[in-house]
Every structure is written in C-alpha cells, then in structure tokens.
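Counting in the working numbering, the first sequence runs from 4 upward without gaps.
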Amino acid sequence: MPELPEVETIRRGLSQQLVGRTISAVRVRQAKLRHVVDARALHEHAVGRTISRVERRAKYLLIHLQPGRVLLFHLGMSGRLRVGAPASEDAKHDHLIFQMGADLEMRFHDPRRFGMCLPTTVADLPNHPRLRSLGEEPLSEAFTSDYLRAQAKRSRKPVKNFLMDAAVVVGVGNIYASESLYLAKLRPNRPVDCLRPVHWTRLHDSVRQVLQAAIDKHGTSLSDYVDSNGERGEFQNELFVYGREGEPCARDGHRIKRIVQAGRSSFYCPWCQR
DNA sequence: CGGTGGACCTGCTGGC
DNA sequence: TGCCAGCAGGTCCACC
4 MPELPEVETI RRGLSQQLVG RTISAVRVRQ AKLRHVVDAR ALHEHAVGRT
54 ISRVERRAKY LLIHLQPGRV LLFHLGMSGR LRVGAPASED AKHDHLIFQM
104 GADLEMRFHD PRRFGMCLPT TVADLPNHPR LRSLGEEPLS EAFTSDYLRA
154 QAKRSRKPVK NFLMDAAVVV GVGNIYASES LYLAKLRPNR PVDCLRPVHW
204 TRLHDSVRQV LQAAIDKHGT SLSDYVDSNG ERGEFQNELF VYGREGEPCA
254 RDGHRIKRIV QAGRSSFYCP WCQR
C-alpha cells in the first residue's frame, strides 16, 4: 500500500498525535507478522516509555521512546497505523494495540501481514539489518542526477526496476515509479545503460516532483489507504498512468499500456515515453 | 554476479 | 449465486 508520500503523511500525523504521550499498555492479538512479535519483549521495550519523536526512513516509521529506544514499523502492502480514542471492540486484523492512558490508543491493522514492528534502539539504528543497505532519500540533498547516473554504472536493468531498487533510492514504489517515468517521458523497460545525462536530469527532477506533489496531497488512496487520522489522500485524482490501462494519455491521447516487469504492473504511454 | 521469480498473506473483482 | 483466476501500494531470498 504505502509508498514514501503515504508513509510521510502518516509520520506527520503520528508526530502530532503521539509526541509527549506515554505508552501504558501493549496488546498483541496476532504475533505472526512479517517478523514474529515477541509480546513480552515488546511490553518490556515500550510500556512506561514516553514518545519523543517520530521519524521516517525510506518506508519505515521510527517511533522514538525515551530513553534511546525505538519502535520500527513497516506497513508492508496493507498496513495501517490508526490513532484515536480507544475503540469499543477489536476489528479483524487489528494485530497490535498500544494504549496511551485512558483516552488514546494506536492500532496496527494489517490484513496481509506483510508489515512489521521491531523493537530496537537508537544505538543499533545505523547498523540495523533492515536499514543499513538502503540508498538515498529522494528528497534529500544527496539525491542528485549524478548520484543516480553513478548508481546505474554497469547495469542493464530496466529503468523502472532501477527506480524501485531501494539500494539506489528509497520510497519509490510501483505507483510513483510509473508516474515519475511518465513525467520524465521515459519508457519503463528502457535499460539504464542507454540513458544520457539529460535523461538522468529529467528522471531525477520527475521523481522529486511526483513525490513532493503526492505528499502535498496526503498520498494516494486507491482503495484502502488512510492516514493515522483515518483520512484518505487525494493524489489518486492526479495519476497520469498508474491503473489507467486503455485510457487516453493526457499529453497526446494515445492509449496507456500495461506491461509486467519483475512481476509488477507498469503503465506508460507508448507514444510520448521513449 | 546481477537480475528475475517465487514466497509470504488476505481480500476484492470480474468472468464464466 | 458460486467458484476460481488474477490482481493488489513491499520486501526478501533462492536460484539461474
């Protein structure tokens, strides 16, 4: 479900809602997520600790607990983190419930259970197995067109698969990869070794532009994505190609095509993307 | 060695 | 109406 804009939207919500609150209880209803949750360890890690800040790295959320502890979340394809007044009953797929006093709780809900919640510490973050091999943040200063071009050296990968490689650049998932390539007028199956500097500049600019625009619209809600307040995003109204097979391209009216790359759908205009 | 394909899960949709 | 195939926003790892 969530790519960088959705995770960033959730981060902002969590930050508003949770900072300064103290976790008073944790309930594990389903421990078998992407990684098995050790209920005792989670309890020991979190209960009685105050949330000091909420960060994002790639598609991970880092909920910092005083002192020096972190809850590392990933939402997988279908995960949600919802914060609000305590619910009267548990919904199906509400796997983890964090109580913060009598008036507030956070629920981790995830039908497909590809998500994860890992207790860790600030000291372990730099070498955390889930974080250490991640590439650059696309909205950071370090993400430049020269960086992208250098990463593509000696690779013949299709540019779409290259964009979705988290060891190169993080946060770009299936929706925003297609959208970025549309904006950059690049065909998703084009091998990266045939791109020229002008293409790398266009691609770099497009990735940033698409992600920032999507953050500004609070993400894309195709079916079920909602933020930590339960609000849908608005960027689904601004998608040019994703999910639009057979519809006319906004630039030239040619039919949007769908192809499968590495098992995932890619959408593009065969006329203006070369 | 880089790159692809399957595995991990549940739920929804569309065709028959 | 029911059943089944195919598809879904992510990531890892075995295997060419």
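No residue lacks a Cβ here, since even glycine has one placed at the ideal position from N, Cα and C.
Open item on the list: Rounded to the nearest angstrom, what separates T223 and F238 at their Cα positions?
Closed with: 5 Å
Open item on the list: Less than 9 Å between the beta carbons of V31 and L17, yes or no?
Closed with: no
TODO: Just confirm the distance between the C-beta atoms of F111 and H98, as a whole number of angstroms; I'd bet it's less than 8 Å.
DONE: 5 Å
- [ ] Would you kindly work out how many angstroms separate the C-alpha atoms of W274 and D230, rounded to a whole number?
- [x] 36 Å
TODO: Spell out the partners DSSP gives I66 in its beta bridges.
DONE: V57, L74
Task: Reduced DSSP secondary structure (H/G/I, E/B, other) of S209 - done: helix
Open item on the list: My output table needs one value for D106: the three-state DSSP class, helix, strand or coil.
Closed with: coil
TODO: Just mark T124 as buried or exposed, buried being the case when its beta carbon has 16 or more other beta carbons within 10 Å.
DONE: exposed
Task: K188 to T204 span [Cα, whole Å] - done: 12 Å
Task: Any non-hydrogen atom of the ligand MG within 8 Å of F117 CB - done: With respect to the ligand MG, the structure shown offers nothing to examine, as it has no ligands at all.
Task: Minimum C-alpha distance to S136 - residue among A170, E92, D196 - done: A170
Open item on the list: Runs of 3 residues minimum, wholly inside the stretch 99-152: which ones carry the beta strand (DSSP E) assignment?
Closed with: 108-112, 119-124
TODO: Excluding the 5 residues preceding and the 5 following R193 in the sequence, name in chain order all residues of the same chain whose CB lies nearer than 8 Å to its CB.
DONE: P161, V162, R277
Task: Assigned secondary structure, S181 (DSSP; H/G/I helix, E/B strand, else coil) - done: helix
Task: Element boundaries [alpha helix (DSSP H), containing F270] - done: First-last for F270: 267-271, but that is the beta strand (DSSP E), not the alpha helix (DSSP H).
Open item on the list: So for G256, helix, strand or coil by DSSP?
Closed with: coil
- [ ] Let me know the secondary structure DSSP gives Q215 once reduced to three states.
- [x] helix
Open item on the list: Helix, strand or coil, according to DSSP, for L36 in the structure here?
Closed with: coil
TODO: Please name the residue in S27, S181, E58 whose C-alpha comes closest to that of V50.
DONE: S27
- [ ] Taking the CB atoms as reference points, tell me whether G233 and R85 lie closer together than 9 Å.
- [x] yes
Task: R14 - DSSP class collapsed to helix/strand/coil - done: helix
- [ ] Leaving aside the five residues before and after R235 along the sequence, list all residues of the same chain whose C-beta is less than 6 Å from its C-beta, in chain order.
- [x] S224, V229
Task: Residues bridged to R261 [DSSP beta-bridge criterion] - done: F270
Open item on the list: With a threshold of 6 Å on Cβ separation, who are the neighbours of G104 within its own chain once the five nearest residues in sequence on each side are excluded?
Closed with: S27
Task: Alpha-carbon to alpha-carbon, L142 and E58 - done: 14 Å
Task: 6 Å CB neighbourhood of Q33 in its chain, flanking five on each side removed - done: H98
Task: Alpha-carbon to alpha-carbon, F270 and R258 - done: 10 Å
Open item on the list: Short of 8 Å in beta carbon distance, which residues of its chain neighbour E250, apart from the five on each side in sequence? Order them along the chain.
Closed with: R258, I259
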